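*Asks:* Sharing a structure with you now.
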Amino acid sequence: LINSCLFICIIQATTQTKPFPDPLSLLTRNPTTLLASRCYSHGKQETDEEFDARWVTYFNKPDIDAWELRKGMNTLIGYDLVPEPKILEAALKACRRLNDLASAIRILEAVKDKAGPHKDIYPYVIQELRPTLNELGISTPEELGIDKI
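Quick note: the sequence shown uses the numbering used here, first residue 3, plus one each step.
Printed below as a string of structure tokens:
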């Protein structure tokens with residue numbers, strides 16, 4: 003708000019020969035002229051379903067390579083959320099297409115870490131992913147004993 007007042011003072015100074023007005027007096031004269039609207043995003047808000055579909059599509063690309071898989075997971079884990087099981091299923095299937103067991107286990111470890119203190123989230127995700135894990139032959143970090151290291 004003060005920056006807006008200073009900007010107005012500079013504009014008035016270049017168009018008038020009068021001394022600079024007091025910025026606070028500008029507020030008292032016409033307070034509605036200094037209200038600013040900030041728009042940080044110009045696009046429409048993405049719904050949860052669109053978000054999930056975007057990531058499932060990303061991981062379902064038939065030509066995805068190991069770098070894209072890691073980049074996608076790094077970006078996804080960077081968000082303030084635990085990915086939905088359907089996104090993780092697509093990522094695990096991408097790991098299988100690439101024969102990258104290490105990345106699959108890292109994905110499960112990252113999900114456990116993202117769940118944080120909420121002890122019911124990780125078991126739910128594993129429960130939802132169990133058919134996919136069995137189909138792909140992927141063991142959880144707990145089954146491998148990695149969580150105890």
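Here a beta-carbon is modelled for each residue, glycine too, at the ideal position from N, C-alpha and C. On a predicted model such as this, the values are computed, not experimentally measured, just so you know.
I'd like to know whether the C-beta atoms of Arg79 and Ala106 end up nearer to each other than 8 Å.
*Replies:* Stepping through the sequence shown from its first residue, residue 79 is reached at position 77. Stepping through the sequence shown from its first residue, residue 106 is reached at position 104. Just to set this straight, residue 79 is Ile in the shown sequence, not Arg. Against a cut-off of 8 Å, the Cβ pair of Ala106 and Ile79 comes out as no contact.
*Asks:* Taking the straight line between their C-alpha atoms, what separation do you get for Glu111 and Thr49?
*Replies:* Position 109 of the sequence shown holds residue 111. Position 47 of the sequence shown holds residue 49. Taking the straight line joining both Cα atoms gives about 27 Å.
*Asks:* Could you check which residue in Glu145, Ala93 and Pro119 has the C-alpha nearest to that of Trp57?
*Replies:* For the purposes of this step, residue 57 is taken as the residue at position 55 of the sequence shown. The residue with the shortest Cα to Cα distance from Trp57 is Ala93.
*Asks:* For a quick check, are the C-beta atoms of Ala55 and Val84 less than 8 Å apart?
*Replies:* If you number the sequence shown from 1, residue 55 lands on position 53. If you number the sequence shown from 1, residue 84 lands on position 82. For Ala55 and Val84, no; Cβs fall outside 8 Å.
*Asks:* So Phe53 and Ala96 are in contact, right, with Cβ under 8 Å, and what is the actual spacing, rounded?
*Replies:* Counted from its first residue, the sequence shown places residue 53 at position 51. Counted from its first residue, the sequence shown places residue 96 at position 94. No, Phe53 and Ala96 are not in contact; Cβ-Cβ is about 18 Å, not under 8 Å.
*Asks:* Can you name, in chain order, every residue of its own chain whose Cβ lies under 7 Å from the Cβ of Ile123, other than the five neighbours on each side?
*Replies:* Within the sequence shown, the letter at position 121 stands for residue 123. Excluding sequence neighbours, Ile123 sits near Val84 and Ala117.
*Asks:* For Ile89, which residues in the same chain have their Cβ closer than 8 Å to its Cβ, ignoring the five residues on either side in sequence?
*Replies:* The residue labelled residue 89 in the question sits at position 87 within the sequence shown. If we look at Ile89 and ignore the five residues flanking it on each side, its Cβ neighbours are Asp54, Trp57, Val58, Phe61 and Leu78.
*Asks:* Quick check on Gln47: does DSSP put it in helix, strand or coil?
*Replies:* Mapped onto the sequence shown, residue 47 falls at position 45. If DSSP states are grouped into helix, strand and coil, Gln47 belongs with coil.
*Asks:* According to DSSP, simplified to helix, strand and coil, what is Val127?
*Replies:* Here residue 127 refers to the residue found at position 125 of the sequence shown. If DSSP states are grouped into helix, strand and coil, Val127 belongs with the helices.
*Asks:* Distance, Cα to Cα, Lys63 vs Ile148?
*Replies:* Locating residue 63 in the sequence shown gives position 61, where the first residue counts as 1. Locating residue 148 in the sequence shown gives position 146, where the first residue counts as 1. Spanning the two alpha carbons is a distance of roughly 30 Å.
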